[in-house]
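Asker:
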Amino acid sequence: MKNAVNCGMVMLLCMFSLFFIQPDLPYVLAFLCALILCSADLFLEENRTYAAGCLIFFAAAVFVPALLYFYPAVCYGLFRRKLYVPASIAAVLYLILNPWYREINLLLTCLDLFGFAVCFLLASTARERDSLQGTLRRTMDDSTERDLLLTEKNRTLMEKQDYEIYTATLRERNRIAREIHDNVGHLLSRSILLAGAAKTVNRDETLSPTLDSLDQTLNAAMDNIRSSVHDLRDEAVNLDEAVKSLISDFTFCPVAYCYDAGRVIPRDVKYSFISITKEALSNIMRHSNASKASVTIREHPALYQLCIEDNGTKIRKGTGNDRSTGNGKNSENIAHPGGMGLTNMKERTDKLHGTIHISAEKGFRILVTIPKRRLDYETDIDRR
Numbered sequence: 002m003k004n005a006v007n008c009g010m011v012m013l014l015c016m017f018s019l020f021f022i023q024p025d026l027p028y029v030l031a032f033l034c035a036l037i038l039c040s041a042d043l044f045l046e047e048n049r050t051y052a053a054g055c056l057i058f059f060a061a062a063v064f065v066p067a068l069l070y071f072y073p074a075v076c077y078g079l080f081r082r083k084l085y086v087p088a089s090i091a092a093v094l095y096l097i098l099n100p101w102y103r104e105i106n107l108l109l110t111c112l113d114l115f116g117f118a119v120c121f122l123l124a125s126t127a128r129e130r131d132s133l134q135g136t137l138r139r140t141m142d143d144s145t146e147r148d149l150l151l152t153e154k155n156r157t158l159m160e161k162q163d164y165e166i167y168t169a170t171l172r173e174r175n176r177i178a179r180e181i182h183d184n185v186g187h188l189l190s191r192s193i194l195l196a197g198a199a200k201t202v203n204r205d206e207t208l209s210p211t212l213d214s215l216d217q218t219l220n221a222a223m224d225n226i227r228s229s230v231h232d233l234r235d236e237a238v239n240l241d242e243a244v245k246s247l248i249s250d251f252t253f254c255p256v257a258y259c260y261d262a263g264r265v266i267p268r269d270v271k272y273s274f275i276s277i278t279k280e281a282l283s284n285i286m287r288h289s290n291a292s293k294a295s296v297t298i299r300e301h302p303a304l305y306q307l308c309i310e311d312n313g314t315k316i317r318k319g320t321g322n323d324r325s326t327g328n329g330k331n332s333e334n335i336a337h338p339g340g341m342g343l344t345n346m347k348e349r350t351d352k353l354h355g356t357i358h359i360s361a362e363k364g365f366r367i368l369v370t371i372p373k374r375r376l377d378y379e380t381d382i383d384r385r
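The sequence shown runs 2 to 385 under our numbering.
1. Can you tell me whether DSSP reads residue 254 as helix, strand or coil?
2. Using the C-alpha atoms, what's the distance from residue 61 back to residue 78?
3. Among the candidates 254, 48, 308, whose CA atom is the shortest distance from the CA of residue 86?
4. Are residue 11 and residue 88 close, meaning C-beta to C-beta below 8 Å?
5. Within its chain, find whatever has a CB closer than 8 Å to the CB of residue 120; leave out the 5 residues flanking it on each side and keep chain order.
6. Select from 165, 31, 25, 5 the residue whose C-alpha is nearest the C-alpha of residue 15.
7. In the DSSP output, what is residue 358 paired with across the bridge?
8. Which two residues bound the contiguous alpha helix (DSSP H) that contains residue 29?
9. Given a cut-off of 8 Å on the beta-carbon distance, is the pair residue 27 and residue 91 in contact?
10. Looking only at its chain, what residues have a beta carbon closer than 6 Å to the beta carbon of residue 117, apart from the 5 residues adjacent to it on each side?
11. Out of curiosity, what's the CA-to-CA distance linking residue 352 and residue 210?
12. Do you know whose CA, among 109, 50, 44, 45, lies nearest residue 71's CA?
13. To the nearest angstrom, how far is it from the Cα of residue 69 to the Cα of residue 132?
14. Identify every residue that forms a DSSP beta bridge with residue 295.
15. In whole angstroms, give me the CA-to-CA distance for residue 153 and residue 143.
16. With respect to the alpha helix (DSSP H) encompassing residue 80, which residues constitute its N-terminal and C-terminal limits?
17. Taking residue 82 as the reference, give the member of 255, 361, 123 with the closest Cα.
18. Specify the secondary structure class of residue 12 as computed by DSSP and reduced to three states.
19. Provide the residue(s) that pair with residue 301 in DSSP beta bridges, ordered along the chain.
20. Cβ of residue 369 within 8 Å of Cβ of residue 304?
21. Take the Cβ of residue 288 as the centre, count every other Cβ of all protein chains shown within 10 Å, and call the residue buried at 16 or more, exposed below.
22. Quick check: residue 358 and residue 372, are their CB atoms within less than 8 Å of each other?
23. How far does the alpha helix (DSSP H) with residue 207 in it extend, from its first residue to its last?
24. Name the two residues that bound the continuous alpha helix (DSSP H) containing residue 18.
25. Rounded to whole angstroms, what's the CA-CA distance from residue 50 to residue 36? Just pull it up for me.
26. Using a Cβ-Cβ cut-off of 7 Å (strictly less than) and excluding sequence neighbours within five positions of residue 336, which residues of its own chain qualify?
27. Start and end of the alpha helix (DSSP H) containing residue 181?
28. Assign residue 292 to buried or exposed, taking buried as 16 or more other Cβ atoms, counted over all protein chains shown, within 10 Å of its Cβ.
29. For residue 214, which option in 204, 25, 199, 226 has the closest C-alpha, if you only look at C-alpha atoms?
30. Which residues in the same chain as residue 341 place their Cβ atom closer than 6 Å to its Cβ, once the five residues preceding and following it in sequence are excluded?
31. With a 10 Å radius around its C-beta and 16 neighbouring C-beta atoms as the bar for buried, classify residue 53 as buried or exposed.
32. What does the alpha-carbon distance come out to for the pair residue 255 and residue 146?
33. If you follow the alpha helix (DSSP H) that residue 59 is part of, which residue opens it and which one closes it?
34. Can you tell me where the alpha helix (DSSP H) holding residue 343 begins and where it ends?
As structure tokens, this is what we get:
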């Protein structure tokens, strides 16, 4: 915008020559040519093309002397681009052609020379301004990039801290469950045995209700502790770590793994996915000639998804019962005689009201989809 204003100012300065001459057709033509070159200076990035146009303009003054009045305006773009050689040629041509084609007019000559000086000063100011603007843009870009990097690092750090807290929580749950099982559980078992022995040797009828009540209380406590310990251990299962462990122990072929789910996943879904993954990897190792496989776990707003694929194209003879070669439909694949592994996968999926799709086209693919329960779905929405 500033360059356009400067071009307008130098064009206006050149038109002060109208105070000394009468405008004619060559003058209008010179004005239009100078205006075109000034506009090209604003939009044309190639210096060679712009310099060539300016040199043609300067040389044309031999045939159209009116072009001399607009030499300063055209030189503004050359000064701004630091094209001093074409600008020097313009100055030399002006000094040669001015006394040759025009009558000597000291005021008009001074006006032209003043125009050259003003154009040089404006061009220098424009270059400095452009340099400062470029520095400012680079500084702002660098600052924005640093902010983005810091934000990403902070997000990664927070995720790492959350994961460490989550892992520490799981370890603590396992430790508590183990301590309860090893200490309190054994003491309660001993107490139950002692209470049973006391009931057996008791001959006093008045103590029988008390011993029965004690035995029932101890058994109830044992049931509660057993349930709590199982819940703690179940909640302490990390689906991501469990699947990674299965893949690390699988050496038959490389396995690509992608986990895109949250940490809070229902216990039954976790155990089903772990069991299905274990069975699928076992089938690949026993029945497939695959050279690569992949395991993907994703969580969507309303469902959980497990996808296991391999590029196996053949089934080893005599061991192909667990890997169907059907047309990809669930019912035909699962109903294959002797496919106990696939049948178990279907049963686990059905218990969770999910669906399983198995395809043997271009490899073997198992896609398990488990819908979220309404309570889990609402909780997940609130958490998001």
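Glycine included, each C-beta is placed from N, C-alpha and C at the ideal position.
Fair warning: this is a prediction, and the values are worked out from it, not measured in the lab.
Answerer: Let's see:
1. coil
2. 18 Å
3. 48
4. no
5. 11, 73, 74, 76, 77, 80
6. 31
7. 368
8. 26-44
9. no
10. 73
11. 43 Å
12. 109
13. 31 Å
14. 257, 310
15. 15 Å
16. 72-81
17. 123
18. helix
19. 304
20. no
21. buried
22. no
23. Per DSSP, residue 207 belongs to no alpha helix (DSSP H) and is neither H nor E.
24. No alpha helix (DSSP H) contains residue 18, which DSSP labels as neither H nor E.
25. 16 Å
26. Bear in mind that a pLDDT of 40 at residue 336, under 50, signals an unreliable position, so the number given afterwards is only what the model happens to contain. So no residue of the chain qualifies.
27. Residue 181 -> no alpha helix (DSSP H), and no H or E assigned at all.
28. exposed
29. 199
30. none
31. exposed
32. 37 Å
33. 48-61
34. 341-352
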